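> I have a structure here, written as structure tokens, and I will follow up with some questions on it.
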Amino acid sequence: MSDLRPIIEGILFVSGDEGVSLSQLSEVLVINEDSLIEMMDNYITEYNSDDSRGLEMMCYGKRYKLVTKAIAHEYCQKLYEETSNKQFSQAALETLAIIAYKQPVTRVEIEEIRGVSCDMMIRRLLARNLIREAGRLDTVGKPFLYEVTEDFMDIFSLTSLSELPELPEYQTVNEEGELFY
Amino acid sequence: MSDLRPIIEGILFVSGDEGVSLSQLSEVLVINEDSLIEMMDNYITEYNSDDSRGLEMMCYGKRYKLVTKAIAHEYCQKLYEETSNKQFSQAALETLAIIAYKQPVTRVEIEEIRGVSCDMMIRRLLARNLIREAGRLDTVGKPFLYEVTEDFMDIFSLTSLSELPELPEYQTVNEEGELFY
Amino acid sequence: MEFFVTIDQFEGPLDLMLHLIKEKELDLFDLDINILTEQYIEYLHAMEKMKLDIASEYLVELASLIEYKSKKLLPNVEAELDDNYQQQQEVDLVNRLIEYKKFKEVTVIFDDLYQRRSLKFDKPQSEIVNQWIDINENYESTSAYELIKAMNRCLKRFQLAQPYEVNITQKRISIDDRKKQLKFNINKFDEIFTLNNTMYDCRDLYEVVINFLAILDLVNENILSFTVKDDEVYFKKV
């Protein structure tokens, strides 16, 4: 079998920021998805540990793409200055975190946790394609359910949702005022 | 001196189709052009003879850029011809989006936002009846104005342009340095 | 008592309560809602005096805190049912605070992940893809969100490109240099080519103008000949 690595690198390069999905890659290379995942895992490890390279291969959700390594950042920035240092607001991060851990989740559930209205924020996150609608809940009013997208996993460098940072654990109280974990 | 090769690869990657000019590279890396030319000649020879890579470094005029090696081309072509058929390319979507959000707009305005020439793309979209001419702008050269068609609305399941998802507020990005609030 | 932390620094009433609990060194897991309520009211009053807008969400929570407090003040003759209700309310509030605290705290990690990811850049899809994707007539319906994604990409690129253009203005190409470039490059063009073909690498109006002036010079020097047909100018190497 010929070496597929340069072909994969070439495909990821051409595809750019959108990346390529596992299923597309599997179809084009005529390899079943399970073997491909294994092959990609090895390739990514090899690729990312090569210090002579300035690129890194990332897997987010079921998509792959190439990005520059952090070492090139300051130089690229000189060339393409970013407008200040863009930050997420606390409100955006809280809303995203709640959706990521609780998905699929309705707006009302998010608002119950945050204690504030999240209508505008949800619209902004939808517009930035960080969350998407995931059907409707079968209850009064049929509210939309929301879930995070591959773009969400991309900007937080998550390969899958199982990689979400662990939520801090706190005791909760029951009606008798007893603490339990 | 630290190894500049990965940094150069990163810069060329980010600059995409446009590539980077010798003078820009020399400025960013703080190396005089003559030394840089020599360094690049060596790097290119080394880079292009590495069969495990799917990319090739090109020098044309006084610009450098990365392209996919020919061996990967047929796969890329297959990917975009077969697995993505009936989908729009990013370029097509971007052009359509700009027209939909800003209509009526001239080609020059579209090109200013996209940063690349859109002549061919506009002709293709016209031919497929996704956009149409909507008069001419009363200015030098009387350029055509473009707007989206009913076919466009149909494909994107919109009954009116007011249904377009809201754009994230980019203005506030500049003012406050925050992506969202 | 002075308040240095203004209300717009909080994400909502729960965030404010967590702040008060921390500041007043209250025990979240054995919360004295009376003290919390007093502090909460005092804080809102202070904000009001500073003429700061207090969102309705803060007032909703205030109402339930006051209800809780007033019930507690009632004599013990109250039915036991109320006592249970009271306890339930207390537990609910504490659990809401704990739940919110978890998410608030984990955002620090997300922020860190985001910062690290933003040190890595991606590139746009290569233009060559357009040759492969045919815009055919049987598109499947596409989500309108694809449009906004596309628009976001453009705007992001547009923002990146702005200072970039400023950077390169320092090294502007001259007409003479452009003529040299063109003399070299027209060998690669088709025998007959258009003005547009010669602008293959022009990135702004300045370069378009320089390119045009260079072409005029080349025509003048009899290196190029031209003909006009249907609004388009065609050139040929002499």
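Protein chains in written order, with my numbering: chain A, 155 to 335; chain B, 155 to 335; chain C, 91 to 328. Ideal placement from N, C-alpha and C gives every residue a C-beta, glycine not left out. If you're wondering where the values come from, they're calculated on a predicted model, not measured in any experiment.
(1) Would a C-beta distance cut-off of 9 angstroms place B:Ala281 and B:Tyr300 closer than the cut-off?
(2) Do three or more CB pairs link the region 313 to 326 of chain A to the region 99 to 114 of chain C at distances below 8 angstroms?
(3) Along chain C, in chain order, which residues have C-beta atoms closer than 9 angstroms to that of B:Phe310?
(4) Would you say A:Phe306 reaches chain B, if we count a Cβ-Cβ gap shorter than 9 angstroms as a contact?
(5) Can you tell me which of C:Ser315, C:Ile300 and C:Val196 puts its alpha carbon nearest to the alpha carbon of A:Ala246?
(6) For C:Ile276, count neighbouring Cβ atoms within 10 angstroms of its own Cβ and tell me buried if that reaches 16, exposed if not.
(7) Is any beta-carbon of chain A found at less than 9 angstroms from that of C:Asp291?
(8) I need the straight-line Cα distance from C:Val309 to C:Val328, nearest angstrom please.
(9) Could you tell me which residues DSSP pairs with A:Glu210 in its beta bridges?
(10) DSSP three-state call for A:Gly170: helix, strand or coil?
(11) Is A:Ser316 close to chain C? Criterion is C-beta to C-beta, closer than 9 angstroms.
(12) In angstroms, rounded to a whole number, what distance separates the CA positions of C:Val318 and B:Val174?
(13) Can at least three beta-carbon pairs, one atom from the region 293 to 310 of chain C and one from the region 263 to 275 of chain C, be found at a separation below 8 angstroms?
(14) Measure from the C-beta of B:Thr260 to each C-beta in chain A and report whether the shortest distance is under 9 angstroms.
(15) What residue range is occupied by the uninterrupted alpha helix (DSSP H) comprising B:Ser177?
(16) Does any residue of chain A bring its CB to less than 9 angstroms from the CB of B:Gly295?
(17) So, helix, strand or coil for B:Leu247, using DSSP?
(18) What number of angstroms, rounded off, separates the C-alpha of C:Glu147 from the C-alpha of C:Glu180?
(19) Which residues of the region 224 to 257 of chain B have a Cβ closer than 9 angstroms to any Cβ of chain C? Give them in chain order.
(20) Are the CB atoms of A:Leu176 and A:Glu163 within a distance shorter than 9 angstroms?
(21) How far does the beta strand (DSSP E) with C:Ile223 in it reach, from first residue to last?
(22) Rounding to the nearest angstrom, what Cα-Cα distance links C:Leu152 and C:Lys112 in this structure?
(23) Compare the Cα-Cα distances from C:Phe100 to each of C:Tyr190, C:Leu118 and C:Arg206 and report the closest residue.
(24) Across which residues does DSSP place B:Thr260 in a beta bridge pair?
(25) Give the residues from the region 166 to 184 of chain B that approach chain C closer than 7 angstroms (Cβ to any Cβ), ordered along the chain.
(26) Between B:Ser189 and chain A, is any beta-carbon pair separated by less than 9 angstroms?
(27) Excluding the 5 residues flanking A:Ser252 on each side, which residues of the same chain have their C-beta closer than 6 angstroms to its C-beta?
(28) Starting from C:Thr127, trace the alpha helix (DSSP H) in both directions and tell me its first and last residue.
(29) Shorter than 9 angstroms from the beta carbon of C:Ser315 to some beta carbon of chain B?
(30) Which stretch, first to last residue, makes up the beta strand (DSSP E) that contains C:Lys213?
(31) Per the contact definition of three or more C-beta pairs closer than 8 angstroms, is the region 117 to 133 of chain C in contact with the region 192 to 212 of chain C?
(32) Report the neighbours of C:Asp201 on chain A: residues whose CB is nearer than 7 angstroms to its CB, in chain order.
(33) Taking only beta-carbon atoms, is A:Gly164 less than 9 angstroms away from chain B?
(34) Going by CA-CA distance only, name the one from A:Phe298, A:Phe310, A:Ser180 and A:Thr249 that's closest to B:Cys230.
(35) Would you mind reading off the limits of the beta strand (DSSP E) that contains A:Ala288?
By the coordinates alone:
(1) The residue labelled residue 281 of chain B in the question sits at position 127 within the second sequence. The residue labelled residue 300 of chain B in the question sits at position 146 within the second sequence. No, the Cβ-Cβ distance between B:Ala281 and B:Tyr300 is not below 9 angstroms.
(2) No: the two stretches stay apart, fewer than three of their Cβ pairs being nearer than 8 angstroms.
(3) Indexing the second sequence from 1 puts residue 310 of chain B at position 156. Within chain C, the residues near B:Phe310 are Ser231, Thr232, Ser233, Ala234, Glu236 and Leu237.
(4) Mapped onto the first sequence, residue 306 of chain A falls at position 152. Answer no: the Cβ-Cβ gap between A:Phe306 and chain B never drops below 9 angstroms.
(5) Position 92 of the first sequence holds residue 246 of chain A. Of C:Ser315, C:Ile300 and C:Val196, the residue nearest in Cα terms is C:Val196.
(6) As a working note, residue 276 of chain C is residue 186 in the third sequence. Buried, because 16 or more other Cβ atoms sit within 10 Å of the Cβ of C:Ile276.
(7) Reading the third sequence from its first residue, position 201 is the one you call residue 291 of chain C. Interface flag for C:Asp291 against chain A is unset, since no Cβ pair is found closer than 9 angstroms.
(8) Locating residue 309 of chain C in the third sequence gives position 219, where the first residue counts as 1. Locating residue 328 of chain C in the third sequence gives position 238, where the first residue counts as 1. Roughly 9 angstroms between the two C-alpha positions.
(9) Translated into the one-based positions of the first sequence, residue 210 of chain A becomes position 56. Partner(s): A:Val221.
(10) Counting from 1 along the first sequence, the entry for residue 170 of chain A is found at position 16. Here A:Gly170 sits in helix by DSSP.
(11) Walking along the first sequence from the start, residue 316 of chain A turns up at place 162. By this cut-off, A:Ser316 is not an interface position.
(12) Along the third sequence, one-based indexing puts residue 318 of chain C at 228. Along the second sequence, one-based indexing puts residue 174 of chain B at 20. Distance from the CA of C:Val318 to the CA of B:Val174, rounded to the nearest whole angstrom, comes to 35 angstroms.
(13) With the cut-off at 8 angstroms, the region 293 to 310 of chain C and the region 263 to 275 of chain C touch.
(14) Residue 260 of chain B sits at position 106 when you count from the first residue of the second sequence. Chain A contact via Cβ: absent.
(15) Residue mapping note: residue 177 of chain B aligns to position 23 of the second sequence, counting from 1. B:Ser177: member of the alpha helix (DSSP H) spanning Leu176 to Leu183, first to last residue.
(16) Here residue 295 of chain B refers to the residue found at position 141 of the second sequence. Taking Cβ atoms only, chain A never reaches closer than 9 angstroms to B:Gly295, which makes this a no.
(17) Counted from its first residue, the second sequence places residue 247 of chain B at position 93. The three-state secondary structure of B:Leu247, taken from DSSP, is helix.
(18) Numbered from 1 along the third sequence, position 57 holds the residue referred to as residue 147 of chain C. Numbered from 1 along the third sequence, position 90 holds the residue referred to as residue 180 of chain C. C-alpha separation (whole angstroms): 19 angstroms.
(19) Within the region 224 to 257 of chain B, the residues whose Cβ lies closer than 9 angstroms to some Cβ of chain C are His227, Cys230, Gln231, Lys232, Leu233, Tyr234, Glu235, Ser238, Asn239, Lys240, Gln241, Phe242, Ser243, Gln244, Ala245, Ala246, Leu247, Glu248, Thr249, Leu250, Ala251, Ile252, Ala254 and Tyr255, listed in chain order.
(20) Along the first sequence, one-based indexing puts residue 163 of chain A at 9. Along the first sequence, one-based indexing puts residue 176 of chain A at 22. Not closer than 9 angstroms, so no.
(21) Counting from one through the third sequence, the residue named residue 223 of chain C turns up at place 133. It is not in any beta strand (DSSP E) - C:Ile223 carries neither H nor E in the DSSP assignment.
(22) For this step, residue 152 of chain C is matched to residue 62 along the third sequence. For this step, residue 112 of chain C is matched to residue 22 along the third sequence. If I take the Cα positions, the gap works out to 19 angstroms.
(23) The residue labelled residue 100 of chain C in the question sits at position 10 within the third sequence. Checked all of C:Tyr190, C:Leu118 and C:Arg206; the closest Cα to C:Phe100 is C:Tyr190.
(24) On the second sequence, position 106 is the one that residue 260 of chain B refers to. For B:Thr260, the beta-bridge partners assigned by DSSP are B:Leu299.
(25) Within the region 166 to 184 of chain B, the residues whose Cβ lies closer than 7 angstroms to some Cβ of chain C are Phe167, Val168, Gly170, Asp171, Ser177 and Gln178, listed in chain order.
(26) On the second sequence, position 35 is the one that residue 189 of chain B refers to. B:Ser189 does not count as touching chain A.
(27) As a working mapping, residue 252 of chain A is identified with position 98 in the first sequence. The sequence shown places Ile at residue 252 of chain A, rather than the Ser named in the question. Within the same chain, A:Ile252 has close Cβ partners Ile264 and Ile267.
(28) Residue mapping note: residue 127 of chain C aligns to position 37 of the third sequence, counting from 1. Ile123 to Lys139 is the span of the alpha helix (DSSP H), which, as asked, contains C:Thr127.
(29) Taking the first residue of the third sequence as 1, we reach residue 315 of chain C at position 225. Cβ-Cβ to chain B under 9 angstroms: no for C:Ser315.
(30) Here residue 213 of chain C is taken as the residue at index 123 of the third sequence, counted from 1. That residue, C:Lys213, is in no beta strand (DSSP E); it is neither H nor E in DSSP.
(31) Using a C-beta cut-off of 8 angstroms, the region 192 to 212 of chain C makes no contact with the region 117 to 133 of chain C, since fewer than three inter-stretch Cβ pairs fall below that distance.
(32) Against the third sequence, residue 201 of chain C aligns to sequence position 111. Here the neighbours are Phe242 and Leu247.
(33) Within the first sequence, the letter at position 10 stands for residue 164 of chain A. With 9 angstroms as the cut-off, A:Gly164 counts as an interface residue toward chain B.
(34) As a position in the second sequence, residue 230 of chain B is number 76, starting the count at 1. Measuring from the Cα of B:Cys230, the nearest candidate turns out to be A:Ser180.
(35) Translated into positions along the first sequence, residue 288 of chain A becomes position 134. Start and end: Ile285 to Arg290.
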